[in-house]
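Numbering (UniProt numbering), first residue to last: 1 to 43.
Right, one structure below, let's go through it.
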Amino acid sequence: MEEKLTDKEFTEDIYVVLKPEVEYDNREAWELVKQEISRENIR
1 MEEKLTDKEF
11 TEDIYVVLKP
21 EVEYDNREAW
31 ELVKQEISRE
41 NIR
C-alpha cells in the first residue's frame, strides 16, 4: 500500500467519485485503515 500511495494514478482516481467539496487525503485514510486493522487483530 505504501508503494501505491506514491502512484499518482492510484491516488488521484478517487476524486472522480467524490463531490468537489469533499476533502480527502489518501495518506490520512490509510492511517485510519491501519489503525482499524490493528484494533481488529487485538480482539
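We put the CB at the ideal spot given by N, CA and C, even for glycine.
Let's see if you can read the secondary structure: which residues bound the alpha helix (DSSP H) around residue i?
i	result
ILE14	Where ILE14 is concerned, there is no enclosing alpha helix (DSSP H), given that its DSSP letter is neither H nor E.
LYS34	26 to 42
Report, in whole angstroms, the separation of the C-beta atoms of residue i and residue j, which I expect to be a contact under 8 Å.
i	j	result
THR6	ASN26	That pair is no contact at about 10 Å.
TYR24	LEU18	6 Å
Is residue i helix, strand or coil by DSSP?
i	result
LEU5	helix
Take residue i and list the residues in its own chain whose beta-carbon comes closer than 7 Å to its own, dropping the five residues that flank it on each side.
i	result
MET1	TRP30
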